[in-house]
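Chemist:
Residue numbers (this note's numbering): 319 to 482.
Here it is as structure tokens:
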């Protein structure tokens with residue numbers, strides 16, 4: 319895998335569960351079976367119809383406005399480290415193709431909350447470090463250890479980790 323092959327899902331899984339990232343990188347994709355994933359996809363369809371997705375190959379962001387801010391719609395009620403990391407990854411990818419992204423705006427639809435994250439040197443360094451961490455995990459021959467089972471509730475990868 320090359321750095322350009324890393325998308326937002328890889329970054330999200332890096333911050334959520336290394337085993338999930340490792341499985342995803344090998345083509346294990348049970349997300350379509352998850353009710354949470356289907357709910358998130360439906361939310362995208364009806365929430366922000368003025369947004370136009372931007373396809374950067376492996377990375378697909380929800381919207382880039384005229385002021386060069388990345389917009390991402392989230393179906394969760396509260397922000398996570400993975401949300402910010404994913405948005406910063408998109409900023410880095412845009413800069414890599416010559417678009418000077420200024421930062422990201424995260425939209426939390428259930429609470430109608432938005433968070434604006436400027437893309438500065440520190441955040442750029444974190445985004446670069448995340449790419450290196452993803453590459454390190456996906457290049458391992460054995461999967462990372464599974465998390466404590468209670469943290470796996472609702473995960474679409476549950477059967478892949480806990481079926482012996």
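Beta carbons are placed, not taken as given, at the ideal position from N, Cα and C, and that holds for glycine.
A quick note: this is a predicted structure, and the numbers were derived from the prediction, not measured.
If we ignore side chains and look at the alpha-carbon of each, how far apart do residue 327 and residue 431 end up?
Modeler: Numbered from 1 along the chain shown, position 9 holds the residue referred to as residue 327. Numbered from 1 along the chain shown, position 113 holds the residue referred to as residue 431. Whole-angstrom Cα-Cα distance: 22 Å.
Chemist: Hey, how far is the Cα of residue 484 from the Cα of residue 380?
Modeler: There is no way to answer for residue 484, as the model of the chain reaches only from 319 to 482.
Chemist: Using the C-alpha atoms, what's the distance from residue 323 back to residue 376?
Modeler: By one-based count along the chain shown, residue 376 stands at place 58. By one-based count along the chain shown, residue 323 stands at place 5. One C-alpha to the other measures close to 5 Å.
Chemist: Under 8 Å, do residue 455 and residue 336 count as touching if we go by C-beta distance?
Modeler: Here residue 455 refers to the residue found at position 137 when the chain shown is read from its first residue. Here residue 336 refers to the residue found at position 18 when the chain shown is read from its first residue. Yes; because the gap between Cβ atoms is below 8 Å, this pair is in contact.
Chemist: Leaving aside the five residues before and after residue 390 along the sequence, list all residues of the same chain whose C-beta is less than 6 Å from its C-beta, in chain order.
Modeler: One-based indexing of the chain shown puts residue 390 at position 72. These residues qualify, in order along the chain: 380, 405, 424.
Chemist: On the DSSP bridge list, what partners appear for residue 433?
Modeler: Against the chain shown, residue 433 aligns to sequence position 115. 424.
Chemist: Decide if residue 378 is buried, meaning its Cβ has at least 16 other Cβ atoms within 10 Å, or exposed.
Modeler: The residue given as residue 378 occupies position 60 in the chain shown. Per the 10 Å Cβ criterion, exposed.
Chemist: Give a yes or no on contact between the segment 412 to 421 and the segment 433 to 450, applying the rule of three or more CB pairs nearer than 8 Å.
Modeler: The answer is yes - the segment 433 to 450 touches the segment 412 to 421, with three or more Cβ pairs under 8 Å.
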